[in-house]
Amino acid sequence: MYYTIGTTSLTIPLGTYTLSFFSNAAANNKYDVALVGTALNLLVLAVAALGIKLSARFQWGWAIFEYGLLVGFTIAAIVVIYGNHRPHTVHVAGSWFTLSGAGGFGALISGILLAIFLYSGWDTAAYVGEEAHGKQAGPAAITSVVLLFVMYSVVILAFQGMAPNHVMQAHAANILAFVGQLIGGGFWKQVMIVAVLGGTLASLQAAIVSSSHISFAMGRDRVFPRWFGAVSDKYGTPWNATILLGLLNVVFLWGSTLIGTIGKALNDIVSTLGLMAAIFYLLTASTAVWYYRRTILASTGNFILGGILPGLGAAFMAFVIIYILAKGLLNGVEIAFGFGLALFGLVLSVISKSAGKSSFYRQPMVSHEETAPVRTS
1466 MYYTIGTTSL TIPLGTYTLS FFSNAAANNK YDVALVGTAL NLLVLAVAAL GIKLSARFQW
1526 GWAIFEYGLL VGFTIAAIVV IYGNHRPHTV HVAGSWFTLS GAGGFGALIS GILLAIFLYS
1586 GWDTAAYVGE EAHGKQAGPA AITSVVLLFV MYSVVILAFQ GMAPNHVMQA HAANILAFVG
1646 QLIGGGFWKQ VMIVAVLGGT LASLQAAIVS SSHISFAMGR DRVFPRWFGA VSDKYGTPWN
1706 ATILLGLLNV VFLWGSTLIG TIGKALNDIV STLGLMAAIF YLLTASTAVW YYRRTILAST
1766 GNFILGGILP GLGAAFMAFV IIYILAKGLL NGVEIAFGFG LALFGLVLSV ISKSAGKSSF
1826 YRQPMVSHEE TAPVRTS
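Each residue of the sequence shown is one higher than the last, beginning at 1466 in this note's numbering.
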């Protein structure tokens, strides 16, 4: 559910930024945005359906191109801020890293909820573990987290210094294109749009691959209908799941854009996904601690990696969820969809357990390795 709905937060910007090449009016027309987003979604769907190797090459190409552009723009932004002394630039200040600089504790927690959404996708490597060689999926997931942290931190710090906050907020719909124009004029604005499109396309593909491979594994284990576990003989991909969920993305895209304005749709989607991701990580971390409770005391390393870190992560996610609800930081639509979809998943799980008779539900609820160390590699 998370990855399928999450694609809407990608297909809308794909339409918006693509159309901004030609017309600002078209970029703000929700029907034009939905049409272009649909076309690009179908293109990425075709790449994902034709094989994991093709998907990997696509990701490599875009990643190198996108990271090169972002690093180049970041260096250029720093030069503009500290070297050219242009008006309206803002130097990074220590106040940025205080509660008041973040707008208060409530604003900080709201930002953390968005950050939880932004970081989601790093775990895609884990879902293609069956196609990966050896034990590459685990280190790939950890590397993804580190790369995201470095890129987000450096790029955002540099770009936020290009103009005061109120000016940035006025151009929130196409902020990176605006920053590109501030750095180097109209041409660099277009280059930044290309970088955004590349990153968004790669993220869209990661979302489609994640949702289809999760569905494939669930179909194979009979947690989902077996139809989802079918694999293409020719391409070796979970064909049924990839095609169905890729097309379902289009349904969500049109549904979200037809309901209201593009800006409101994006805001609701991102906040809903942040809430769903926090619930997902809370459940995953707490379940991992409970399942391995017999092995986390076997060594200091097990205790830190298998007990303390995921335990702190679960506690922090629980705090974020409770705080944003207590302070009313989400609207009714975001709360209804965030919790509603999570509860709907629980209902589907109960139905699956009673109807599918899957062995998944008969597996031990605790690791049987009472003394063996947890494998961290």
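Idealized CB from N, CA, C, for every residue including glycine.
Own chain partners of M1466 with C-beta closer than 7 Å, once the 5 adjacent residues on each side are dropped: For the purposes of this step, residue 1466 is identified with residue 1 of the sequence shown, where counting begins at 1. Taken in chain order, the residues that qualify are L1806 and G1810.
Endpoints, the alpha helix (DSSP H) within which E1775 is located: To locate residue 1775, count along the sequence shown from 1; it is residue 310. Position check: residue 1775 holds Pro in this sequence, whereas Glu was assumed. Start and end: L1774 to A1791.
W1587 in three-state terms, based on DSSP: The sequence position of residue 1587 within the sequence shown is 122, counting from 1. W1587: coil per DSSP, three-state reduction.
Buried or exposed (CB count within 10 angstroms, at least 16 for buried), K1792: Reading the sequence shown from its first residue, position 327 is the one you call residue 1792. So K1792 ends up on the exposed side.
Three-state class that DSSP yields for I1761 in the structure shown: Translated into the one-based positions of the sequence shown, residue 1761 becomes position 296. Coil, per DSSP.
Assigned secondary structure, Q1524 (DSSP; H/G/I helix, E/B strand, else coil): Taking the sequence shown and counting its residues from 1, the one referred to as residue 1524 is at position 59. It is helical.
Under 9 Å between C-beta atoms of L1510 and N1705: In the sequence shown, residue 1510 corresponds to position 45, counting from 1. In the sequence shown, residue 1705 corresponds to position 240, counting from 1. No, Cβ-Cβ distance for L1510 and N1705 is not below 9 Å.
Per-residue DSSP class, three states only, for R1551: The residue labelled residue 1551 in the question sits at position 86 within the sequence shown. Three-state DSSP puts R1551 in coil, outside helix and strand.
CA nearest to the CA of G1649, picked from M1627, V1632 and F1781: As a working mapping, residue 1649 is identified with position 184 in the sequence shown. Of M1627, V1632 and F1781, the residue nearest in Cα terms is M1627.
Cβ-Cβ separation, V1754 to A1779 (assumed contact under 8 Å), whole Å: Residue mapping note: residue 1779 aligns to position 314 of the sequence shown, counting from 1. Residue mapping note: residue 1754 aligns to position 289 of the sequence shown, counting from 1. Right, the Cβ-Cβ distance comes to about 7 Å (below 8 Å), so this counts as a contact.
Nearest-angstrom Cα separation, counted from I1769 out to L1762: By 1-based counting over the sequence shown, the position of residue 1762 is 297. By 1-based counting over the sequence shown, the position of residue 1769 is 304. The alpha-carbon atoms of L1762 and I1769 are separated by roughly 9 Å.
Distance, V1501 Cα to A1491 Cα: As a first step, residue 1491 must be located in the sequence shown, where it is residue number 26. As a first step, residue 1501 must be located in the sequence shown, where it is residue number 36. If you take the alpha carbons of A1491 and V1501, they lie about 10 Å apart.
L1505 and L1666 closer than 9 Å at C-beta: For the purposes of this step, residue 1505 is identified with residue 40 of the sequence shown, where counting begins at 1. For the purposes of this step, residue 1666 is identified with residue 201 of the sequence shown, where counting begins at 1. Closer than 9 Å, so yes.
Nearest-angstrom Cα separation, counted from Y1756 out to M1830: Reading the sequence shown from its first residue, position 365 is the one you call residue 1830. Reading the sequence shown from its first residue, position 291 is the one you call residue 1756. Cα-Cα distance, rounded: 6 Å.
Backbone CA spacing between G1480 and S1721 [nearest angstrom]: Reading the sequence shown from its first residue, position 15 is the one you call residue 1480. Reading the sequence shown from its first residue, position 256 is the one you call residue 1721. Going by the C-alpha atoms only, they are around 13 Å apart.
Minimum C-alpha distance to Y1584 - residue among V1615, G1569 and F1562: Working through the sequence shown from its first residue, we reach residue 1584 at position 119. Taking only the C-alpha atoms, the option nearest Y1584 is V1615.
Status (buried if at least 16 other CB within 10 Å, exposed otherwise) for V1632: The residue labelled residue 1632 in the question sits at position 167 within the sequence shown. It is exposed - the Cβ of V1632 has fewer than 16 other Cβ atoms within 10 Å.
Range covered by the alpha helix (DSSP H) that runs through G1502: On the sequence shown, residue 1502 is found 37 positions in, with the first residue counted as 1. Per DSSP, G1502 belongs to the alpha helix (DSSP H) from K1495 to A1514.
Close Cβ partners of F1717 (< 8 Å) along its chain, the five nearest in sequence each way excluded: By one-based count along the sequence shown, residue 1717 stands at place 252. Taken in chain order, the residues that qualify are T1469, I1470, T1472 and T1473.
Assumed close pair I1581, A1742 - CB separation to whole angstroms, cut-off 8 Å: Locating residue 1581 in the sequence shown gives position 116, where the first residue counts as 1. Locating residue 1742 in the sequence shown gives position 277, where the first residue counts as 1. That pair is a contact at about 5 Å.
Given V1785 as reference, the closest of S1736, M1657 and L1484 once Cα atoms are compared: For the purposes of this step, residue 1785 is identified with residue 320 of the sequence shown, where counting begins at 1. Ranking S1736, M1657 and L1484 by CA distance to the CA of V1785 puts S1736 first.
Proximity below 9 Å, CB of G1645 to CB of Q1634: By one-based count along the sequence shown, residue 1645 stands at place 180. By one-based count along the sequence shown, residue 1634 stands at place 169. With respect to Q1634, G1645 sits apart: the two C-beta atoms are not nearer than 9 Å.
Straight-line gap, A1671 to T1589 (C-alpha atoms, nearest Å): Against the sequence shown, residue 1671 aligns to sequence position 206. Against the sequence shown, residue 1589 aligns to sequence position 124. When rounded, the distance between both Cα atoms is 6 Å.
Coarse secondary structure for F1487, derived from DSSP in three states: For this step, residue 1487 is matched to residue 22 along the sequence shown. Coil, per DSSP.
Neighbour-count burial assignment, G1663, 16 or more Cβ in a 10 Å radius: Taking the sequence shown and counting its residues from 1, the one referred to as residue 1663 is at position 198. G1663 comes out buried.
At least three beta-carbon pairs within less than 8 Å, the segment 1535-1543 to the segment 1513-1521: These segments do not touch.
Whole-Å CB distance - Y1592 paired with S1488, under 8 Å assumed: Counted from its first residue, the sequence shown places residue 1592 at position 127. Counted from its first residue, the sequence shown places residue 1488 at position 23. Not a contact, Cβ separation roughly 38 Å.
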